[in-house]
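Undergrad:
There are 2 protein chains.
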Amino acid sequence: MLGNKSYLHCLQRQQAQERWWQKLDEQGYFEQLPCETVAVEFSLGRITAGSVFARQSVPHYNGAAMDGIALCAHDSFGAQETAPKRLRLLQPGEPFAAGGCYAIDTGDVLPNGTNAVIMIEDVHWADGMAEIIAAAAPWQHVRIIGEDIVAREMVIAEHEVITSADIAALLAAGVEAIEVIQRPKVAIIPTGDEIVASREELQAGKILDINSPMLAAALTSWGATALRRPIVKDERRCIVEAMEAALRESDMVIVIAGTSAGRDDYTADVLSELGEVLVHGVAMKPGKPVILAVCQGKPVIGLPGYPVSAMLTAELFLRDVAQARQKLPLTATSEETVTASLVKPVPSTIGMEEYLRVSVGQVEGKTIAVPVRRGAGLISSLTKAQGIMRIDAADAGVNTSTPLPIRLLRHARPAQHTILAVGSHDLALEILGVYLRRRMPHVSLSCANVGSMGGIMAIRNHEAHIAGIHMLDEATGQYNLPFVQRYVPGFLADLTDPTNPMDLTNPTGQTERTGRLIHLALRQQGLIVPPGNPLGIHSLADLTRPGLTFVNRQRGSGTRMLLDKELGKANIDGCQINGYEKEVATHMAVAASVLSGTADAGLGVQAAAQALGLAFIPIAQEQYDLLLNFSPDDERLQAIIEILHTMEFRREIEALGGYSLCKAGETVQVQ
Amino acid sequence: MLGNKSYLHCLQRQQAQERWWQKLDEQGYFEQLPCETVAVEFSLGRITAGSVFARQSVPHYNGAAMDGIALCAHDSFGAQETAPKRLRLLQPGEPFAAGGCYAIDTGDVLPNGTNAVIMIEDVHWADGMAEIIAAAAPWQHVRIIGEDIVAREMVIAEHEVITSADIAALLAAGVEAIEVIQRPKVAIIPTGDEIVASREELQAGKILDINSPMLAAALTSWGATALRRPIVKDERRCIVEAMEAALRESDMVIVIAGTSAGRDDYTADVLSELGEVLVHGVAMKPGKPVILAVCQGKPVIGLPGYPVSAMLTAELFLRDVAQARQKLPLTATSEETVTASLVKPVPSTIGMEEYLRVSVGQVEGKTIAVPVRRGAGLISSLTKAQGIMRIDAADAGVNTSTPLPIRLLRHARPAQHTILAVGSHDLALEILGVYLRRRMPHVSLSCANVGSMGGIMAIRNHEAHIAGIHMLDEATGQYNLPFVQRYVPGFLADLTDPTNPMDLTNPTGQTERTGRLIHLALRQQGLIVPPGNPLGIHSLADLTRPGLTFVNRQRGSGTRMLLDKELGKANIDGCQINGYEKEVATHMAVAASVLSGTADAGLGVQAAAQALGLAFIPIAQEQYDLLLNFSPDDERLQAIIEILHTMEFRREIEALGGYSLCKAGETVQVQ
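Here the protein sequences come in this chain order: B and X.
Residues 357 to 1027 (the working numbering) make up the first sequence, in order.
Residues 357 to 1027 (the working numbering) make up the second sequence, in order.
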C-alpha cells in the first residue's frame, strides 16, 4: 500500500533496533535525564534520580519494645526464682537511682539511667515494689536509636523504582521530598488529510485517529507522558512546523505516517531535513514502513498508519527507548511467554519477520496457538489475540510440529484457563463466554472462526475444546452427528452404554476420549436484505436476477453448505448468481455488506439481520451444536452445560432473534 | 508486645484467609460493584463493567486498500499480457459505465459500480486509458465495510482489563465512553496517641505515621483509591466515630492498630460492636495481631502497627479482596518467584508461619537467599530485601539444603544479576554498588552484614560473590590473606604461576575456583566520641573509667577483633569496660549510639564519625579488602576492578573521611 519506494531496502528488525539504540546512546540520550522533585508520599513507581540518604535515624530515640518496666540491667543481676529481686517504682520525671525502675509502655522513651526492659508479664507487684525473678540482659527489649536505619545511611539507591515500602522508609528517615527522573515527554503527531479527530467528522473516506489515543495510553503504561498534537495536513510545510514545535517541547517525537505512498516518503524527507534518518523500512510484518530518525539529539519515529502496525512497531522500537530514558528496567525479558504449537501451518515471507497474533489455550495438556486474522489494518486482531508469535525472517513459515514461544498480551489470564472455540461463528458462543466468565472469573473463551468443517478437524487433531457446528448430512437428513462420527470416529462417549459409567473413566482409571455433542440452538437461516426488502426478494431463485448482487460465506462453513444444498434443491447453479464468488467469514459480515449496499442479499442467521435492522426472509431452520472436548471432570464442561440450561442464558440468546434454545444443553445421543 | 490476650488463639493464615473470603462472598461483596462512566481515551487499565458492543462497523465504508484504479472486476476478465484490456478513466463524480475506471488512493471510497482495485504499479497509461494485463478478482484490494469489526459485534467482554489496543478498537467502533467498575474506596484510619502526622511534630516517644502513606501507595498499585483519614486518639468514642464515618464513605476500611496491648483489643471491641470480628490473630510472623472483620457488609481489617507487619498482612489479606472487588485478575499466582537455598539455617516457631525477608543472588549457578534482619519493626528489612520466603507453620525452621520458593519484591531485577556481598559492612561497598549500577543497569549489589569471618565462610560455602574483610593475623602481621588461605584453601588463583594463564581456565576447559583478593581501602579505625570529646577520651585505657559507657561490635567482626587485639596489647580486660557486652552490627550503629548518648564511645571507622558529626580518636589503620568469587570471564568482575581504579570512585570514598584508596583494585598477591 505504500508503493515500492526506497524503504523496500529494508533492514532486519534487530539491525534496525541496534542502529537506533547505538545512535541514541552515542548522543548521550540515555544520560541527560531531567529530574523533578516530588513529595515522597506520591512517588510510587517513580525512579530515583540519585541515591537517597537518611536524614534521621529510625528509631530516632531509644524506646521500649515491650510494655513493662525499664531498669538498669545491672540491678537485676542475680535475680532468680528462689531469690527474687525487688525494684523501687520511680515516678515519671523522677531522677534514676540504683535499684529503681519505671513503668513503661511500648514506644515510650527509655528513661536516663536505664538500659533494659522486663516484660509486664514477668513482673510481680508487691508492696508497690516490682519483683523480678530473672536477670535482664543489657539492652533487652529496647529498640535502640538507628536500629532500623542510621542517619546518613543509604535508604534507596539511584535509579530504583520506588515501592510502597520505600515510601515508608524514606518518610521514617526524614525524607519528605525526593528527586526523581522526569517522565519523558513524547509528542504524538497524527498526519493525513483523511484523518479526523472525532466521530462527528467521520464520513465515508475519512478515518478516525485511533492511533493517537492508543499510543498515548501505551506510552502512559511505559512511564512516559504523551503530548497529543493536532492532526497535521499532508503539506510539507505543516509537517515541518509541527515537527519543530514538537522537538522544542518533548524528549521524543512520534509521527504517525498515514498510509499513502507519497506522504510517507514525505515524512522521511522532512526528518532527513531536520536530522538524520537511520532506518527507513524494516523487514517485518506488520510494521514494514517504519522510520527511525534522530533530530536535534532526540529520537523521532515514523509509525505506519495501520493501528496494528503502529502498536507493534511502537512496542518494538519505542518502549525500550522510553523506559531506558527514565532508567526503568527493561521489561521485555520479564514478560510472560508460553510455548505453543500452531493449529495450522502458517506460511510467511522469507526475509520478513512476522508478528502473528494468536489465541492460546491448553488442549489435552498441549498448548495450542490459533492464529487470528492477519491484516495489519485489523485492530480487532490485537484485541482478540492473547499472544504474539514471532516468525523469524529466515523462515518460510511455521509448521504445526514446532512449538514456538509466544509473548502473552493479557498476561493475567494463563493459557491453561483459556477455552479454545474453533469452528462456526455464532453470537451465542460469544455470549456463552461472558456467562462462563461470570462463574469462573479466571476462564476466558477465545473464538476462532474457521467454519464447521474446520472446527471438526481441530477437534480431531486435539487442538480445540469446542467446535460450533451446523452441517446437514443430506443422506440421513441429520445434523452434525454423522460428520462427527465420520471424521472423528470413537470420539463421542456412548452415554447409553451401561458398561460406560457417567464419569467416563474406564475401570483402569485411564481416561478415554470422551467427547460430547451438545445442542446449542435451532437457528433460523435466511436471506438478509435491506430494510423493507426494496428488491422484493422472496426466494433463492430471485438471487439470479440480473443486476442483483449477492454476498456469500466461505467454503466449509455450514451456511455455505446450506446454501449449496438449497440451491441444488431449487436447481440453481452458483454461477448464475452475481456475487456468489464474494466470500466473507461471518454472519455479521454478510449483514454489514447488505447494510452498506455492497450486496443486495446474503444468507445468514436472523440475529445478524435483526442486529443491523435489516429485513429477513427465512429459508431453513438448522441445528447448531457444540462439539465439546473436555475431560469429564473438567469443571468448565459442567459449567457450560449448566449455563445452557439456565433460563437467563436461553432468553438472552432467543432475544437476538431466530433462535430456539428449548433443547440447549442436551446431549445429542449416539444412535 | 501485645500481651497474651485472646488473639493468641491464632488461626492459621490460610484458614483466616478462607474464613474472611467466604464471609465476604456470602454477603455478595464481590458482586455489588458500583460503576462509573469514563472516556474511552482515559480508560487504560480499568475494568469493563459489562461487555461492550460496536456501535459502527470498522471500516465504516468500502474503501481502496491500495493506490490504483477502481473498476468492475468483470470488465477485467480476459486481460493478459498478450491481450491487454483498456479501461476509460472516469472523472470523480461521473457515474460508472461498463468498461470505465476511476483513479483511487488508499482509503478512498470505492465508487458505486466498482468492486475491485488494481495497484497503480500494474496499470499502464496509454492515450488517457488505463491498460491492464491481468484480470482482477472481485473485491481484490478492497477493505470492505465491517472487515475488521462489524456493528453490534462484541468488542470487549465484561470484566476485562482495558489495554491500549482496546482503546483503539473501542474508538474505531464508535464507543467514546465506557462503563467501568469503580475503583474500590479504602479508608485508612491510623490510631494511637503516640502517632504524629508530620516531621514537625516528631519528638522522642512520638512515632511518625508512615503506615498511611505506605498503604495508600500499595492500594493505588492494587487499583484501589485510598482515602487517608486523620490520626485517631486512643479513645473508644473517637475510634467508633472514625469507623462509622469511614464505613459511610468507603468500600473497605483499614484500622492501623498501633502496638500497645490495651488499644489493640480496643479496636477489636469496636469492630465487634459495629459488625463481626471473624479473625483476631493469625499464626504468622510478622503480622500476628491482625484483625479481620465485616461491618455493614464491608471488610474491615485491623493491621498491626509495625510497618513490616502492616505491609505483609495487607498484601496477604487486603490485596486479593481489593482486586476481586473490581474483578481484576488476582496477581498472586502470576508473580515472579525463584527457588533458592538459604545461606544459613533459620530457626522458626512451630505453629507460626514466618515471612522471612531475603536477598537473592546466583552464586556459581546456585540460587542463594541471604536473610536480612528479621524484626517486624524494621522497615529497612522490606526495602533492602529482594524477596520473601515463607516458612511453613509446621516447620521448626529452614535448613540450608532445602531450596524453597521465594516471592520476588523488585521483580524487574532477576536473581542472576544480583551480586551478593556477605561480610563486613562498609559504606564504600554500598557506593561501589551505585557505580556498578551506572555501568550495568541490570545489576544490583545486595549487602548482608555478618562480619569478616561470616563473609569468609560464605565464600567457602559457595554462597557469596563478595566478602568485605579486614582481619589482622597477629602471627604474620598481615591482613586478610592468611585467613583466606587458612579457611578457603586453594580458592585464590595464583596469578604469578606461569602455568596458570590469566584466563584462569585450565587446558581441559574446565573452570577451577578462581577467587581474587583485591584491595579496597586502608581505613582509619578509632574511638567515636561525642562532638568536642567532653569526657577527654584519648586511648583505650580511658574506656575503663567508671561511669563511662562503651558500645561494642559483634563477635566475628573485624572491628571487634581489632579491639580485642588492641586491648590485649594494652593489657586491658573486656570486663573492665562498661558496655563491652552491648553489641551492634555496623559502624553507623556505633556512631548512632554515641550520637544518642546511649554510649560515650565506641570503636568504628572515621567515616561513620564524620557522617554524624562526631569526634574521632584514631587507634589503628587497617586494610579492608574484597574477596571476590566470580568466574574470570564474568563482566561484573571486570567492572568492579575498573571502578576501583577510577579517580571518581576513589575521591568519593576518600571524601567520607579516614580512607585511603591508593591501592584500590590491586590484587593481593599470594605469597
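No residue lacks a Cβ here, since even glycine has one placed at the ideal position from N, Cα and C.
Taking X:CYS391 as part of the beta strand (DSSP E), name the residues at either end of that continuous run.
TA: 391 to 395
Undergrad: Quick check on B:MET608: does DSSP put it in helix, strand or coil?
TA: strand
Undergrad: What does a CB cutoff of less than 6 Å around B:VAL318 pick up in its chain, not counting 5 residues either side in sequence?
TA: Given that chain B is displayed from residue 357 to residue 1027, the structure contains no residue 318 of chain B and the question cannot be resolved.
Undergrad: Quick check on DSSP: helix, strand or coil for X:TRP495?
TA: coil
Undergrad: Any Cβ of chain B within less than 8 Å of the Cβ of X:THR576?
TA: yes
Undergrad: Rounded C-beta distance between X:ASP565 and X:ALA580? I'm assuming under 8 Å.
TA: About 19 Å; that fails the 8 Å criterion.
Undergrad: X:MET640 CB to nearest chain B CB: under 8 Å?
TA: no
Undergrad: My understanding is that B:GLY561 touches X:VAL536, with C-beta atoms under 8 Å, so please give their C-beta distance in whole angstroms.
TA: Rounded, the Cβ-Cβ distance is 33 Å, inconsistent with contact.
Undergrad: Name the one or two DSSP bridge partners that B:ARG584 has.
TA: DSSP output for B:ARG584 lists B:ILE544 as bridge partner(s).
Undergrad: Please report whether the beta-carbon of X:VAL479 lies at a distance below 8 Å from any beta-carbon of chain B.
TA: Not closer than 8 Å to any Cβ of chain B, the Cβ of X:VAL479 fails to qualify, so no.
Undergrad: How would you label X:LYS925, buried or exposed, when you count the other beta carbons within 10 angstroms and need 16 or more for buried?
TA: exposed
Undergrad: Could you please tell me which residues of the segment 554 to 565 of chain X, in chain order, have their CB closer than 9 Å to any CB of chain B?
TA: SER554, ARG555, LEU558, GLN559, ALA560, GLY561, LYS562, ILE563, LEU564 and ASP565
Undergrad: Distance cutoff 8 Å, beta carbons only. Does X:GLU397 sit that close to anything in chain B?
TA: yes
Undergrad: Is the Cβ of B:TYR622 closer than 8 Å to any Cβ of chain A?
TA: Within the model displayed, chain A is absent; protein chains B and X are what it includes.
Undergrad: With DSSP collapsed to three states, give me the class of X:PRO988.
TA: coil
Undergrad: Let me make sure I understand the geometry here. Which of X:GLY960, X:MET570 and X:PRO642 has the alpha-carbon closest to that of X:PRO974?
TA: X:GLY960
Undergrad: Within the same chain, show all residues whose beta-carbon is closer than 6 Å to that of B:ASP920, passing over the 5 residues directly before and after it, in chain order.
TA: No residues qualify anywhere along the chain.
Undergrad: Tell me the residue span of the alpha helix (DSSP H) that contains B:PHE1005.
TA: 1003 to 1010
Undergrad: Should B:SER952 and X:ILE501 be called a contact, given that it needs their Cβ atoms to be closer than 8 Å?
TA: Less than 8 Å separates the beta-carbon of B:SER952 from that of X:ILE501.
Undergrad: Flag this pair as yes or no: are the beta carbons of X:ALA649 and X:LEU659 separated by less than 8 Å?
TA: Not closer than 8 Å, so no.
Undergrad: Along the chain, where does the beta strand (DSSP E) that runs through X:LYS379 open and close?
TA: Careful: X:LYS379 lies outside any beta strand (DSSP E), inside the alpha helix (DSSP H) at 369 to 382.
Undergrad: How long is the line joining the alpha carbons of X:GLU387 and X:ALA405, rounded to whole angstroms?
TA: 11 Å
Undergrad: For B:LYS722, count neighbouring Cβ atoms within 10 angstroms of its own Cβ and tell me buried if that reaches 16, exposed if not.
TA: exposed
Undergrad: Determine whether the beta carbon atoms of B:GLN682 and B:PRO540 lie at a separation below 8 Å.
TA: yes
Undergrad: For chain B, check one thing: does any of its Cβ atoms lie closer than 8 Å to the Cβ of X:ARG992?
TA: no
Undergrad: Can you check DSSP and say which residues form a bridge with X:GLN979?
TA: X:LEU878
Undergrad: At the level of alpha carbons, what is the spacing between B:GLY807 and X:ILE544?
TA: Roughly 54 Å between the two C-alpha positions.
Undergrad: Just to confirm my understanding: we take B:ASP748, look at its own chain, exclude 5 residues before and 5 after, and list those with CB closer than 7 Å. What are they?
TA: GLU709
Undergrad: Taking only three categories from DSSP, how would you classify X:GLN1031?
TA: Shown here, chain X extends from 357 to 1027; a query on residue 1031 of chain X therefore has no answer.
Undergrad: So, helix, strand or coil for X:VAL626, using DSSP?
TA: helix
Undergrad: Note down, in chain order, every chain B residue with its Cβ under 9 Å from the Cβ of X:PRO703.
TA: By Cβ distance, chain B contributes nothing, its closest Cβ being about 19 Å from X:PRO703, past 9 Å.
Undergrad: The beta strand (DSSP E) spanning X:LYS925 covers which residue range?
TA: Where X:LYS925 is concerned, there is no enclosing beta strand (DSSP E), although the alpha helix (DSSP H) it sits in stretches over 914 to 925.
Undergrad: Identify the continuous alpha helix (DSSP H) that holds X:GLN388 and give its terminal residues.
TA: Taken as a continuous stretch (DSSP letters only), X:GLN388 belongs to no alpha helix (DSSP H), as it is neither H nor E.
Undergrad: Opposite B:MET640 in the DSSP bridges: which residues?
TA: In the DSSP output, where bridge partners are listed per residue, B:MET640 has B:GLU709.
Undergrad: For X:ASP607, would you say it is in contact with chain B, using Cβ-to-Cβ distances shorter than 8 Å as the test?
TA: no
Undergrad: Using beta-carbon positions only, say whether B:ALA507 and X:LEU968 come within less than 8 Å of one another.
TA: yes
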